[in-house]
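If you read the protein sequences in the order shown, they are chains H and L. Count along the first sequence from 1, add 8, and you get the number used in the numbering used here. Count along the second sequence from 1, add 36, and you get the number used in the numbering used here.
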Amino acid sequence: MTQEVLVAIGTRKGLFLASGDGWKVTGPHHPMTDVYAVAIDTRREKPRVLAGVTSEHWGPSVAVSDDLGQTWEEPDHAPVAFPEDTGATLGRVWQLAPGPADQPDVVYAGTEPSALFRSTDGGRTFELVRGLWDHPHRKDWFPGFGGQAVHSVIPHPSDADHVTVAMSTGGVYRTTDGGATFHPSNSGIKAYFLPDPFPEYGQCVHKIAQHPSRPDRFYAQNHHGVYRSDDGGTTWKSIADGLPSDFGFPIVVHPHDPDTVYTFPLVADGHRFPPDGRCRVYRSRDAGETWEALDNGLPKTPYWTTILRDAMCVDNADPAGVYFGSRSGDVYGSRDGGDTWVRIAENLPDVLSIRAAVV
Amino acid sequence: MTVTVRLPNVLRPRAGDQPKLDVDLAPDATLTDLLDVLAHRHPALERRLRDEQGALRRYVNFFIDGEECRQLQGKDTRLRAGAEIQIIPSVAGG
Numbered sequence: 009m010t011q012e013v014l015v016a017i018g019t020r021k022g023l024f025l026a027s028g029d030g031w032k033v034t035g036p037h038h039p040m041t042d043v044y045a046v047a048i049d050t051r052r053e054k055p056r057v058l059a060g061v062t063s064e065h066w067g068p069s070v071a072v073s074d075d076l077g078q079t080w081e082e083p084d085h086a087p088v089a090f091p092e093d094t095g096a097t098l099g100r101v102w103q104l105a106p107g108p109a110d111q112p113d114v115v116y117a118g119t120e121p122s123a124l125f126r127s128t129d130g131g132r133t134f135e136l137v138r139g140l141w142d143h144p145h146r147k148d149w150f151p152g153f154g155g156q157a158v159h160s161v162i163p164h165p166s167d168a169d170h171v172t173v174a175m176s177t178g179g180v181y182r183t184t185d186g187g188a189t190f191h192p193s194n195s196g197i198k199a200y201f202l203p204d205p206f207p208e209y210g211q212c213v214h215k216i217a218q219h220p221s222r223p224d225r226f227y228a229q230n231h232h233g234v235y236r237s238d239d240g241g242t243t244w245k246s247i248a249d250g251l252p253s254d255f256g257f258p259i260v261v262h263p264h265d266p267d268t269v270y271t272f273p274l275v276a277d278g279h280r281f282p283p284d285g286r287c288r289v290y291r292s293r294d295a296g297e298t299w300e301a302l303d304n305g306l307p308k309t310p311y312w313t314t315i316l317r318d319a320m321c322v323d324n325a326d327p328a329g330v331y332f333g334s335r336s337g338d339v340y341g342s343r344d345g346g347d348t349w350v351r352i353a354e355n356l357p358d359v360l361s362i363r364a365a366v367v
Numbered sequence: 037m038t039v040t041v042r043l044p045n046v047l048r049p050r051a052g053d054q055p056k057l058d059v060d061l062a063p064d065a066t067l068t069d070l071l072d073v074l075a076h077r078h079p080a081l082e083r084r085l086r087d088e089q090g091a092l093r094r095y096v097n098f099f100i101d102g103e104e105c106r107q108l109q110g111k112d113t114r115l116r117a118g119a120e121i122q123i124i125p126s127v128a129g130g
C-alpha cells in the first residue's frame, strides 16, 4: 500500500498543500505572504506543519498547524524576534528545522539577518542563540543577491548539543556545545569571489544536507562548487565532476541511502538557467563520484526556470520520494527515488520552499 | 484623553473583531504611546504595526485626523483628545 504523503509548498504568495491520489492541492494558506520556510515535524503523534510566513505589510511570523493545514495558530507575540539590545529586526524566517528525535519540542529557525533561534515549545516561540549572533565573524558576513541569511539548519540526529548551520555569505558553522560557541567549517570549499579563494569563512554556500543515519556525511551545493564531507563538515572535497555545471541552489540526500544525492544544476552564476534549457535532476548513487540525469516524466519542452535552494526535498517514505518546485510555479514529484516523475501542481506563484513527509 | 483607532478589515481579527478601538491615553501622548498601549491590550495587532525595535512597518500607514503620520512627526506625532487614527495598508506588492 502506498504511504500517504503530504507535500507542503511554500510560494511567494502563500502555502499550498498537496496530498492523496492524483495530488489534490489546497491553498493558498496564508495568502499574500512569502513562505521561505516550511517544515513537517513528524516527531509528534500527529505531524505538525510549520510555516515561516512574511507579509510585506504586516511583517514576519511563524504559524503552526496540528491538523495538516486545516487550521493554523500563531502566538499573539512575535514568535521570532530579536532582543532589544541587538538593535536588529527580523526580516524573515528562512529555515524551520525540527530538532533531534529525543527532544520533540525543540525546533530551530534560521533567519535573515543571519541568526539562529531555538524553540523549546514545538515552534510556537523562539529565543535567539547568542553564540552565533555574538560571533566575531558576523561583521564580515555580507548579503548575496537573496539577502544575508542562515538558510540551512541541521541538528545532529542524536547529539542535542551539535548543530550545523550554513549561511550566504559566511559559509558553514558548527556548534558542539549547544550553541554557546560556533566554529567555521569550510575547509576545502572555494570562494572564487574573494582574494583568498579558500578562506576560513566567507563562502557563499547555497545549501547543505546531512544524512540522518550517517551524520558525518554532508553534501553542499556552493556558489559554484558541489562538495561532500565525510567528517562532519571538518573538510570538504569536490564532487562536481560529472555534472554539467557546479552551479545551482538545492542539494538533498536520499532518506535511506547516504550515498544517493540529488541536485539541479544551472549553467553558471552569470547564466542561471538549466543547461541546454532542459529540465533535469541529477542523481548520484555513489556519493558524488558519478552522476546521472533524470528526466523521465519531466518537461521535454525548453525549460528556463530556476529551482531555489529550499525548493527541492525528499520525504521519509519507502521507496523514497523526491520533489521540487520552480520559480515558474510548477511542482514535480517522484515516488521512486527519481526514476519517474509526475507533475503535482502547476501555475502556482514562485516556489520558494518545499517539504514532504509520510503523514 | 481618549483617541479612536480605526482598523482595516484584515486586522480586526487581531483585536477581537472590533472595527475601532477607543484608547485612553495621557495628555500629550504620541503615536508611540498609543502603540505601547496596544502592545499590552492587543499584542497580535501591535506586532503587525511595528517591528520588535519599535519602528513603524514600512507599508502600514497611520492617518492621524486625516494626515499620514510620516507627513507629521512620524511615530513621535502628538495626538489630541478625540483624535482619530486610521490604519490603512499602503499600496504594495505584486
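Here a beta-carbon is modelled for each residue, glycine too, at the ideal position from N, C-alpha and C.
Using a Cβ cut-off of 8 Å (strictly closer), state whether H:Gly18 contacts chain L. It does not; no Cβ of chain L falls within 8 Å.
Answer yes or no: does any C-beta atom of chain H fall closer than 8 Å to that of L:Ala80? Yes, because at least one Cβ of chain H sits closer than 8 Å to the Cβ of L:Ala80.
Classify L:Ala128: buried if its beta carbon has 16 or more other beta carbons within 10 angstroms, exposed otherwise. Residue environment: L:Ala128 is assigned as exposed (fewer than 16 neighbouring CB atoms within 10 Å of its CB, all protein chains considered).
Give a yes or no on contact between the stretch 45–59 of chain H and the stretch 58–74 of chain L, applying the rule of three or more CB pairs nearer than 8 Å. Short answer: they don't touch.
When you check each C-beta in the stretch 100–120 of chain L against every C-beta of chain H, which residues fall closer than 9 Å? If the cut-off is 9 Å between Cβ atoms, the stretch 100–120 of chain L has nothing near chain H.
Would you mind sorting H:His65 into buried or exposed? The rule is 16 or more other CB atoms within 10 Å of its CB. H:His65 should be labelled buried.
Considering Cα atoms alone, identify which of L:Ala75, L:Val96, L:Leu61 is closest to L:Ala51. Nearest of L:Ala75, L:Val96, L:Leu61 to L:Ala51, Cα basis: L:Ala75.
The beta strand (DSSP E) enclosing H:Leu23, as first and last residue numbers: Going by DSSP, H:Leu23 is part of the beta strand (DSSP E) stretching over 22–27.
Less than 8 Å between CB atoms is the rule here; does H:Gly452 satisfy it with respect to chain L? Within the shown structure, residues of chain H are numbered from 9 to 367, placing residue 452 of chain H beyond reach of any answer.
Just checking, does the stretch 19–31 of chain H make contact with the stretch 302–310 of chain H on the three C-beta pairs under 8 Å criterion? Too few Cβ pairs lie closer than 8 Å, so no.
Quick one: using the 10 Å Cβ neighbour count with 16 as the cut-off for buried, is H:Leu202 buried or exposed? By the neighbour-count rule (16 or more Cβ atoms within 10 Å), H:Leu202 is not buried but exposed.
Buried or exposed: which applies to H:Thr41, given that a residue is buried once 16 or more other Cβ atoms fall within 10 Å of its Cβ? Its Cβ being crowded by 16 or more others within 10 Å, H:Thr41 is buried.
Can we say the stretch 343–358 of chain H touches the stretch 100–118 of chain L, given the rule of at least three CB pairs closer than 8 Å? They do not touch, by the three-pair rule.
Does the ligand ZN have a heavy atom nearer than 7 Å to the CB of H:Ser246? Of ligands this structure carries none, so the ligand ZN is not represented either.
So what does DSSP say about H:Gly107, is it helix, strand or coil? Looking at H:Gly107 - three-state DSSP - the assignment turns out to be coil, as it is neither helix nor strand.
Of the residues H:Val330, H:Leu360, H:Ser361, which one's Cα is nearest the Cα of H:Val350? Comparing Cα-Cα distances from H:Val350 to each of H:Val330, H:Leu360, H:Ser361, the minimum goes to H:Val330.
Mind pulling the chain H residues with CB within less than 7 Å of L:Pro125? Residues of chain H passing the Cβ test: His65.
Could you tell me the alpha carbon to alpha carbon distance between H:Tyr290 and H:Pro91, rounded to whole angstroms? Taking the straight line from one Cα to the other gives about 42 Å.
Suppose you measure from the CA of L:Pro133 to the CA of L:Val41; what does that come to, to the nearest Å? With chain L covering 37 to 130 only, the question about residue 133 of chain L has no answer from this structure.
I want to know whether the stretch 258–275 of chain H touches the stretch 317–329 of chain H - three or more CB-CB distances under 8 Å. Yes, the stretch 258–275 of chain H is in contact with the stretch 317–329 of chain H.
So which residues on chain H does L:Gln89 lean against when the C-beta distance must stay under 8 Å? The contact set of L:Gln89 on chain H, defined by CB atoms closer than 8 Å, consists of Phe90, Glu92, Gly95, Ala96, Thr97 in chain order.
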